[in-house]
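Asker: Handing you this structure, nothing more for now.
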Amino acid sequence: MAEPALVSDERAKGIGRLLLVGLGFAGLEAVIGVLLLVNGYGRYGLVVLVVAAAIGATTGVALRALRERVPAARRTSILAGVLLLVLSVPLVPIWVGLLTALAGVGVLVVTLAPEHPAP
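Residues in the sequence shown are numbered consecutively from 21, following my numbering.
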């Protein structure tokens, strides 16, 4: 299988910013999950915490791969975008899920859009 194309510096900057937003949403979701657990919403609080952990881990790995210019950085960014999008579905009732889904769409659009050479 062919190695994926390396991400350009400008593209890496945009993807990195969106991954940081996803990481921030994971932190916010963790806080919301703890608040839900404390207030008696055990099952949903646990779901929110698991989703926050999965999103945080995936976006963290993708961000590290992007910063270190690993050849698979593009692939991990796509995986992070897909997981941001898919795992945010159970979180839509608390609105942060909708914002997380938008961040996932942003990561996918910036990662998959064709690069145009600078004029």
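Just so it is clear, CB atoms sit at the ideal spot from N, CA and C, and this is done for glycine as well.
Just so we're clear, the structure is a prediction, and the values are computed from it rather than from any experiment.
(1) If you draw a straight line from the alpha carbon of residue 83 to that of residue 36, how long is it in whole angstroms?
(2) Given a cut-off of 9 angstroms, decide if residue 100 and residue 73 are closer than it, judged by their beta-carbon atoms.
(3) I'd like the span of the alpha helix (DSSP H) that includes residue 103, first residue to last.
(4) Going straight from the alpha carbon of residue 118 to that of residue 110, what length do you get?
Answerer: This is what the structure holds:
(1) 6 angstroms
(2) no
(3) 93 to 107
(4) 10 angstroms
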